[in-house]
Amino acid sequence: MGRRLRHLRDLQGRRRPRRAAGRRHRRPHRGGRRRRQPLRGHPHHPHHHRLQHRHHRRGRRPAVLGRPRRPGQRQRVALARAIVADPTVLLLDEALSALDEPLRDSLRRELVSLTRREGLTTVHVTHDRAEALSIADRIVVLGEGRIQQIAAPAELVSRPATAEVAAFIADATLLDAASLPVEPSEIIGSGETLTLAVLPHMVEVLPPGEDGIPAQVRSVLYDAGDWSLTLDALDTVFRATVRGTRPEVGEPVTMHVTGPLGYRS
1 MGRRLRHLRD LQGRRRPRRA AGRRHRRPHR GGRRRRQPLR GHPHHPHHHR
51 LQHRHHRRGR RPAVLGRPRR PGQRQRVALA RAIVADPTVL LLDEALSALD
101 EPLRDSLRRE LVSLTRREGL TTVHVTHDRA EALSIADRIV VLGEGRIQQI
151 AAPAELVSRP ATAEVAAFIA DATLLDAASL PVEPSEIIGS GETLTLAVLP
201 HMVEVLPPGE DGIPAQVRSV LYDAGDWSLT LDALDTVFRA TVRGTRPEVG
251 EPVTMHVTGP LGYRS
């Protein structure tokens, strides 16, 4: 007792650290007494041929005993285990949130390809807007425990059902209709008291002195070839996207708003 065995490696609390990834691809245990089965990986094991088929269709060799797991392999293992169980609906809850961006993008594409090839209905819960818009056929936006909108990604971005959805999905700026100097005919929507949603693509950034609303650049971020700006104007913050020369923080500019969305307050 108390003697330290130096020849044993620290297992770091793992249940079975040397169990190969392929050996985990089996139906979940449903309780009750376990029956003795052939060694996993053996040709007589019940799931051996199904696993070989899955690996072959995904273009991968089955993992071998003792091979270290690379980043993201655990997500692939969990997904394979779920699909082997032949579910009617697959539920993924923040399945990719803990991964680095390049690996996350790779697994997004793999997930879409795999679920469509298998004809599998998937419910993917995520707070990542880019992830939802990129992989979903239809998106359900929840707010305060209620469904705010159900729509395809393109429809959700171009025509949000509520001002809150516009702010969440499209980074829209919300403000009272009376505070924004635009013609009523330019507002998309109707109602006596309106809340306006100004999406980034509705804001045109012009040099100072032009006709429009005076503004000041608060921040500048590089975004895949464009410059994503936040602008201070009318005692609120607007988002805009420009190309070309990088604006400087604190630089005065003029902004022009076209086609804001109107929602009944």
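Here the sequence shown is numbered in UniProt numbering, starting from 1 and rising by one per residue.
C-beta: ideal position from N, C-alpha, C; glycine also.
{"Check": "When we look at the beta-carbon of Q73 and count the other beta-carbons within 10 Å, is it buried (16 or more) or exposed?", "Outcome": "exposed"}
{"Check": "So, using beta-carbon positions, are I187 and A172 closer together than 9 angstroms?", "Outcome": "no"}
{"Check": "Quick one: residues in its chain with C-beta nearer than 7 angstroms to the C-beta of S134, no 5 flanking neighbours on either side, listed in chain order?", "Outcome": "R108"}
{"Check": "Does residue 267 pass the burial test, meaning 16 or more other C-beta atoms within 10 Å, or should it be called exposed?", "Outcome": "Lying before the first or after the last residue shown, residue 267 is absent from the chain, which here runs from 1 to 265."}
{"Check": "Name the residue from E94, E118 and R76 whose alpha carbon lies nearest to the alpha carbon of S106.", "Outcome": "R76"}
{"Check": "Pick from L194, P214, R146 and P207: whose alpha carbon is nearest that of G262?", "Outcome": "L194"}
{"Check": "Could you give the residue range of the beta strand (DSSP E) that holds S228?", "Outcome": "D226 to A233"}
{"Check": "From which residue to which residue does the alpha helix (DSSP H) around A151 run?", "Outcome": "From DSSP, A151 is part of no alpha helix (DSSP H) but of the beta strand (DSSP E) over R146 to A151."}
{"Check": "Can you tell me the Cα-Cα spacing of P184 and P214, whole angstroms?", "Outcome": "21 angstroms"}
{"Check": "Specify whether the segment 145 to 152 and the segment 115 to 131 touch according to this definition: at least 3 beta carbon pairs, one from each stretch, less than 8 angstroms apart.", "Outcome": "no"}
{"Check": "Would you say L175 and V205 are within 9 angstroms of each other, going by their C-beta atoms?", "Outcome": "no"}
{"Check": "Which one or two residues does DSSP pair with R239 in a beta bridge?", "Outcome": "T230"}
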